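So the working numbering is basically just the index in the sequence shown, starting at one, shifted up by 60.
Beta carbons: idealized from backbone N, C-alpha and C, even for Gly.
If you're wondering where the values come from, they're calculated on a predicted model, not measured in any experiment.
Note sheet for the following structure.
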Amino acid sequence: MKKILRFTMIAAAAAILLFAAAALAAGDTPDPGGEGDPLVTLSYLEQVYTKYISDLMSQDAEAQAQAIQAGLEERIAALEQASQEAQAVSAGTYQLVTLEEGQILSGDRGIELILRIGEVSVTAQSSPGLVDTTAGSILEDGQSLEKNHLYMITVPGNGIRASGHAVLMVRGEHVIS
61 MKKILRFTMI AAAAAILLFA AAALAAGDTP DPGGEGDPLV TLSYLEQVYT
111 KYISDLMSQD AEAQAQAIQA GLEERIAALE QASQEAQAVS AGTYQLVTLE
161 EGQILSGDRG IELILRIGEV SVTAQSSPGL VDTTAGSILE DGQSLEKNHL
211 YMITVPGNGI RASGHAVLMV RGEHVIS
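Shown next as C-alpha coordinates:
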(Lines of atoms letter the chains of each structure in order from A and count residues from 1; the text may use other names and numbers.)
(Lines give C-alpha, C1' and ligand atoms only; values in the text may rest on other atoms or scores of the structure.)
Protein backbone atom coordinates (compact mmCIF):
# COMPACT_ATOMS: atom_id res chain seq x y z
CA MET A 1 0.00 0.00 0.00
CA LYS A 2 2.91 2.21 0.66
CA LYS A 3 4.06 1.59 -2.85
CA ILE A 4 0.72 2.62 -4.29
CA LEU A 5 0.61 5.73 -2.16
CA ARG A 6 4.16 6.66 -3.17
CA PHE A 7 3.36 5.98 -6.82
CA THR A 8 0.18 8.08 -6.59
CA MET A 9 2.05 10.95 -4.98
CA ILE A 10 4.79 10.87 -7.58
CA ALA A 11 2.18 10.71 -10.36
CA ALA A 12 0.26 13.60 -8.80
CA ALA A 13 3.46 15.67 -8.46
CA ALA A 14 4.40 14.91 -12.05
CA ALA A 15 0.91 15.86 -13.20
CA ILE A 16 1.12 19.13 -11.25
CA LEU A 17 4.54 19.89 -12.71
CA LEU A 18 3.34 19.03 -16.19
CA PHE A 19 0.25 21.18 -15.74
CA ALA A 20 2.35 24.09 -14.38
CA ALA A 21 4.80 23.81 -17.27
CA ALA A 22 1.92 23.80 -19.75
CA ALA A 23 0.37 26.86 -18.07
CA LEU A 24 3.67 28.73 -18.15
CA ALA A 25 4.23 27.82 -21.76
CA ALA A 26 0.71 28.94 -22.69
CA GLY A 27 1.24 32.27 -20.87
CA ASP A 28 4.40 33.04 -22.88
CA THR A 29 2.81 32.29 -26.22
CA PRO A 30 1.75 35.53 -27.93
CA ASP A 31 -1.63 35.96 -29.54
CA PRO A 32 -1.65 34.80 -33.13
CA GLY A 33 -1.51 37.86 -35.40
CA GLY A 34 -0.43 40.15 -32.51
CA GLU A 35 2.88 41.95 -32.11
CA GLY A 36 4.56 38.90 -30.62
CA ASP A 37 3.38 36.58 -33.36
CA PRO A 38 3.19 38.70 -36.55
CA LEU A 39 0.90 36.52 -38.56
CA VAL A 40 -0.19 38.59 -41.58
CA THR A 41 -3.79 38.14 -42.52
CA LEU A 42 -5.99 39.78 -45.10
CA SER A 43 -7.97 41.56 -42.37
CA TYR A 44 -4.70 42.93 -40.92
CA LEU A 45 -3.70 44.26 -44.32
CA GLU A 46 -7.11 45.81 -44.95
CA GLN A 47 -7.76 47.27 -41.49
CA VAL A 48 -4.34 48.15 -40.06
CA TYR A 49 -1.62 48.23 -42.67
CA THR A 50 -3.61 50.08 -45.35
CA LYS A 51 -4.63 52.76 -42.83
CA TYR A 52 -1.01 53.09 -41.67
CA ILE A 53 0.27 53.52 -45.23
CA SER A 54 -2.56 55.94 -46.05
CA ASP A 55 -1.72 58.07 -42.98
CA LEU A 56 1.97 58.14 -43.95
CA MET A 57 1.10 59.19 -47.50
CA SER A 58 -1.24 61.91 -46.23
CA GLN A 59 1.46 63.29 -43.95
CA ASP A 60 4.01 63.23 -46.77
CA ALA A 61 1.60 64.89 -49.19
CA GLU A 62 0.74 67.55 -46.62
CA ALA A 63 4.43 68.25 -45.98
CA GLN A 64 5.08 68.54 -49.71
CA ALA A 65 2.06 70.84 -50.15
CA GLN A 66 3.32 73.10 -47.35
CA ALA A 67 6.78 73.21 -48.92
CA ILE A 68 5.29 74.09 -52.31
CA GLN A 69 3.08 76.75 -50.70
CA ALA A 70 6.08 78.29 -48.92
CA GLY A 71 8.05 78.29 -52.18
CA LEU A 72 5.18 79.93 -54.04
CA GLU A 73 4.79 82.60 -51.37
CA GLU A 74 8.52 83.37 -51.55
CA ARG A 75 8.34 83.59 -55.34
CA ILE A 76 5.26 85.84 -55.22
CA ALA A 77 6.99 88.13 -52.71
CA ALA A 78 10.06 88.30 -54.95
CA LEU A 79 7.91 89.12 -57.99
CA GLU A 80 6.01 91.81 -56.08
CA GLN A 81 9.31 93.33 -54.98
CA ALA A 82 10.59 93.28 -58.57
CA SER A 83 7.34 94.86 -59.76
CA GLN A 84 7.60 97.64 -57.18
CA GLU A 85 11.20 98.28 -58.19
CA ALA A 86 10.20 98.37 -61.85
CA GLN A 87 7.41 100.84 -61.08
CA ALA A 88 9.83 103.00 -59.12
CA VAL A 89 12.20 103.00 -62.08
CA SER A 90 9.41 103.74 -64.57
CA ALA A 91 8.10 106.51 -62.30
CA GLY A 92 11.48 108.16 -62.76
CA THR A 93 11.26 108.16 -66.57
CA TYR A 94 9.12 110.17 -68.94
CA GLN A 95 6.21 108.49 -70.71
CA LEU A 96 4.83 109.66 -74.02
CA VAL A 97 1.14 110.55 -73.51
CA THR A 98 -1.35 111.46 -76.24
CA LEU A 99 -4.47 113.48 -75.44
CA GLU A 100 -7.43 114.18 -77.71
CA GLU A 101 -9.67 117.25 -77.59
CA GLY A 102 -11.40 117.63 -74.24
CA GLN A 103 -9.35 115.02 -72.39
CA ILE A 104 -7.94 116.05 -69.02
CA LEU A 105 -4.69 114.84 -67.52
CA SER A 106 -4.48 115.28 -63.74
CA GLY A 107 -2.65 113.79 -60.81
CA ASP A 108 -0.90 114.23 -57.52
CA ARG A 109 1.80 116.75 -56.73
CA GLY A 110 5.21 116.31 -58.28
CA ILE A 111 4.08 115.27 -61.77
CA GLU A 112 6.23 116.81 -64.50
CA LEU A 113 4.89 117.67 -67.98
CA ILE A 114 6.53 118.77 -71.22
CA LEU A 115 4.21 119.75 -74.08
CA ARG A 116 5.65 118.52 -77.40
CA ILE A 117 2.77 118.82 -79.90
CA GLY A 118 -0.60 120.58 -79.81
CA GLU A 119 -2.30 123.02 -77.47
CA VAL A 120 -3.32 122.47 -73.86
CA SER A 121 -4.48 124.75 -71.09
CA VAL A 122 -4.38 124.57 -67.30
CA THR A 123 -7.36 123.20 -65.34
CA ALA A 124 -6.91 124.19 -61.72
CA GLN A 125 -9.25 124.22 -58.76
CA SER A 126 -6.74 126.13 -56.65
CA SER A 127 -3.62 128.23 -57.09
CA PRO A 128 -0.99 127.69 -58.37
CA GLY A 129 -2.36 125.82 -61.36
CA LEU A 130 1.01 124.68 -62.73
CA VAL A 131 4.56 125.82 -62.14
CA ASP A 132 6.59 126.56 -65.26
CA THR A 133 10.05 125.52 -64.04
CA THR A 134 11.67 126.58 -67.34
CA ALA A 135 10.49 130.20 -67.14
CA GLY A 136 10.20 130.32 -63.34
CA SER A 137 6.54 131.39 -63.48
CA ILE A 138 3.11 130.21 -62.40
CA LEU A 139 0.19 129.38 -64.70
CA GLU A 140 -3.37 129.74 -63.45
CA ASP A 141 -6.63 128.11 -64.61
CA GLY A 142 -7.25 128.58 -68.36
CA GLN A 143 -3.72 129.69 -69.34
CA SER A 144 -1.98 127.86 -72.20
CA LEU A 145 1.23 125.87 -71.92
CA GLU A 146 4.26 126.62 -74.10
CA LYS A 147 5.93 123.85 -76.05
CA ASN A 148 9.16 122.37 -74.68
CA HIS A 149 8.77 123.97 -71.23
CA LEU A 150 8.93 121.81 -68.12
CA TYR A 151 5.81 122.16 -65.96
CA MET A 152 5.08 120.71 -62.53
CA ILE A 153 1.79 120.01 -60.79
CA THR A 154 2.14 121.19 -57.19
CA VAL A 155 -1.50 120.95 -56.05
CA PRO A 156 -3.25 117.54 -56.14
CA GLY A 157 -6.10 117.42 -58.67
CA ASN A 158 -4.78 120.19 -60.89
CA GLY A 159 -3.90 119.32 -64.47
CA ILE A 160 -4.30 120.20 -68.14
CA ARG A 161 -7.05 120.02 -70.79
CA ALA A 162 -6.31 119.35 -74.46
CA SER A 163 -7.73 121.83 -77.01
CA GLY A 164 -7.09 119.32 -79.81
CA HIS A 165 -4.65 116.51 -80.47
CA ALA A 166 -1.70 116.92 -78.07
CA VAL A 167 1.41 114.92 -77.26
CA LEU A 168 3.20 115.33 -73.94
CA MET A 169 6.03 113.76 -72.03
CA VAL A 170 4.86 113.00 -68.49
CA ARG A 171 6.81 111.78 -65.46
CA GLY A 172 4.78 110.49 -62.48
CA GLU A 173 1.47 108.78 -61.85
CA HIS A 174 -1.39 110.52 -63.61
CA VAL A 175 -5.02 110.01 -64.62
CA ILE A 176 -6.56 110.78 -67.99
CA SER A 177 -10.28 111.44 -68.06
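Give every residue of the same chain whose Cβ lies closer than 6 angstroms to the Cβ of residue 186, excluding the five residues on either side of it in the sequence, and list them in chain order. 215
So which of 217, 218, 190 has the shortest CA-CA distance to residue 205? 190
Straight-line CA distance for residue 108 to residue 118? 15 angstroms
Compare the beta carbon distance of residue 193 and residue 210 with 7 angstroms and say whether it is the shorter of the two. yes
List the DSSP bridge partners of residue 174. 210, 229
When the distance is taken between beta carbons, is residue 170 closer than 7 angstroms to residue 232? yes
Endpoints, beta strand (DSSP E) assigned at residue 105: No beta strand (DSSP E) holds residue 105; DSSP gives it neither H nor E.
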